[in-house]
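*Asks:* Quick one: the structure is below, questions incoming.
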Ligand SMILES: N[C@@H](CCC(=O)N[C@@H](CS)C(=O)NCC(=O)O)C(=O)O
């Protein structure tokens, strides 16, 4: 029995956690919760994560005697990525020194809050931001303008870098792949418009662990 169950939906932000598990090569059980089919709102899944969101990670530790299984649920992608990187430091999925670690948190906070919650979501789910259905199109238009500013910011920040944090591949690169895919999904010409971002994501996609996660989810990046 593995110690972990990762609840994920194909192509959702949970892809980054899925990749992290594949990179670590540790046993885990991926559990598919297909958002497009409403599986994130079933009583069974709401018992796991009452927020009805993915990813969620079930961590099944044994007590000191190794007998009684105890289970904890960790939500929020950034928290899960940090937990995995800290639990398996030999994989070097996050830097040790304070400033570089903070730089990773800076990236993930901005991706999660600005680019995801206040950005791509306004484009993919504008109806959630207004009660008047007639206003949804305007939310989507403004949201698209906002994410274009965000993608331009990413492109500038990745200039001249091998990976987002510099010389070392990290969970931030996995998280960035989610947004590269979403950019394509909302119709942005990612490959033409963002060459630095594309070059880095090509390197991420060349990794066998990333290819396994993508194949397992059955998704396309472009
Ligand atoms: N802040 C959360 C956001 C999680 C989230 O919203 N995940 C999306 C998938 S990318 C989801 O579960 N959406 C389901 C819904 O909005 O109903 C995190 O970073 O984990």
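In our numbering, the protein residues as written are 206 to 427. Positions of the beta carbon are idealized from the N, C-alpha and C atoms, including for glycine. The structure presented is a predicted model; accordingly, all values stated were derived computationally and were not measured.
#1: For ligand 1, any of its heavy atoms closer than 7 Å to the Cβ of residue 389?
#2: Rounded to the nearest angstrom, what separates residue 417 and residue 371 at their Cα positions?
#3: Mind checking whether residue 309 and residue 219 have CB atoms under 8 Å apart?
#4: Measuring only the C-alpha atoms, how far is residue 307 from residue 405?
#5: Label residue 327 either buried or exposed according to how many other C-beta atoms from any shown protein chain fall within 10 Å of its C-beta, with 16 as the threshold for buried.
#6: Identify every run of the beta strand (DSSP E) within the segment 223-275, keeping only runs that are complete inside it and at least 3 residues long; order them along the chain.
#7: Output needed for residue 311: all residues of its chain with C-beta closer than 6 Å, excluding positions within five of it in sequence on either side, in chain order.
#8: Just checking residue 280 against ligand 1 - is the residue's beta carbon closer than 7 Å to any of the ligand's heavy atoms?
#9: Do residue 260 and residue 213 come within 8 Å of each other at the CB atom, strictly closer than that value?
#10: Cβ-heavy atom distance between residue 260 and ligand 1 below 7 Å?
#11: Taking the CB atoms as reference points, tell me whether residue 250 and residue 239 lie closer together than 8 Å.
#12: DSSP has residue 417 in a bridge; who is on the other side?
#13: Measuring alpha carbon to alpha carbon, tell me which of 353, 229, 302, 262 ends up nearest residue 295.
#14: Is residue 217 near ligand 2, with its Cβ less than 7 Å from a heavy atom?
#15: Taking all protein chains shown into account, decide if residue 301 is buried (16 or more other Cβ within 10 angstroms of its Cβ) or exposed.
#16: Using 8 Å for Cβ pairs, my map puts residue 222 next to residue 262. What's the rounded Cβ distance?
#17: On the CB-based measure, 16 or more other CB atoms within 10 Å of its CB, does residue 343 come out buried or exposed?
#18: In the DSSP assignment, find the beta strand (DSSP E) that holds residue 286 and state where it starts and stops.
#19: I need the straight-line Cα distance from residue 384 to residue 293, nearest angstrom please.
#20: Run the CB neighbour count on residue 392, radius 10 Å, all protein chains shown included, and call it buried at 16 or more, exposed below.
#21: In this structure, how does DSSP classify residue 426 when only helix, strand and coil are distinguished?
*Replies:* Judging by the given coordinates:
#1: The count along the chain shown starts at 1 and reaches residue 389 at position 184. With a cut-off of 7 Å, the C-beta of residue 389 is classified as distant from ligand 1, since no heavy atom of the ligand falls inside that distance.
#2: Indexing the chain shown from 1 puts residue 417 at position 212. Indexing the chain shown from 1 puts residue 371 at position 166. Straight-line Cα distance between these residues: approximately 25 Å.
#3: Within the chain shown, residue 309 is the residue found at index 104, counting from 1. Within the chain shown, residue 219 is the residue found at index 14, counting from 1. In this structure, residue 219 does not lie closer than 8 Å to residue 309 by Cβ.
#4: Against the chain shown, residue 307 aligns to sequence position 102. Against the chain shown, residue 405 aligns to sequence position 200. C-alpha separation (whole angstroms): 21 Å.
#5: Translated into the one-based positions of the chain shown, residue 327 becomes position 122. Its Cβ being crowded by 16 or more others within 10 Å, residue 327 is buried.
#6: Runs found: 234-237, 261-267.
#7: For the purposes of this step, residue 311 is taken as the residue at position 106 of the chain shown. Excluding positions up to five away in sequence, the list is empty.
#8: On the chain shown, residue 280 is found 75 positions in, with the first residue counted as 1. At least one heavy atom of ligand 1 sits closer than 7 Å to the Cβ of residue 280.
#9: For the purposes of this step, residue 213 is taken as the residue at position 8 of the chain shown. For the purposes of this step, residue 260 is taken as the residue at position 55 of the chain shown. Contact: yes.
#10: For this step, residue 260 is matched to residue 55 along the chain shown. Yes, Cβ of residue 260 sits closer than 7 Å to a heavy atom of ligand 1.
#11: Here the question's residue 250 lines up with position 45 in the chain shown. Here the question's residue 239 lines up with position 34 in the chain shown. Not a contact, by the Cβ cut-off of 8 Å.
#12: Taking the chain shown and counting its residues from 1, one reaches residue 417 at position 212. Residue 417 pairs with nothing; no bridge assigned.
#13: Residue mapping note: residue 295 aligns to position 90 of the chain shown, counting from 1. Taking only the C-alpha atoms, the option nearest residue 295 is 229.
#14: Ligand 2 is absent from the structure shown, which contains only ligand 1.
#15: As a working note, residue 301 is residue 96 in the chain shown. Exposed, because fewer than 16 other Cβ atoms sit within 10 Å of the Cβ of residue 301.
#16: Residue mapping note: residue 222 aligns to position 17 of the chain shown, counting from 1. Residue mapping note: residue 262 aligns to position 57 of the chain shown, counting from 1. About 7 Å separates the beta carbon of residue 222 from that of residue 262, a gap short enough to meet the 8 Å contact definition.
#17: Position 138 of the chain shown, counted from the start, is the residue given in the question as residue 343. Label assigned to residue 343: exposed.
#18: One-based indexing of the chain shown puts residue 286 at position 81. Run containing residue 286: none in the beta strand (DSSP E); it sits in the alpha helix (DSSP H), 282-292.
#19: Here residue 384 refers to the residue found at position 179 when the chain shown is read from its first residue. Here residue 293 refers to the residue found at position 88 when the chain shown is read from its first residue. Spanning the two alpha carbons is a distance of roughly 25 Å.
#20: One-based indexing of the chain shown puts residue 392 at position 187. Classification of residue 392: exposed, given that the 10 Å Cβ count is below 16.
#21: Residue numbering aside, residue 426 sits at position 221 when the chain shown is read from its first letter. DSSP, reduced to helix, strand and coil, places residue 426 outside both helices and strands of the structure shown, so it counts as coil.
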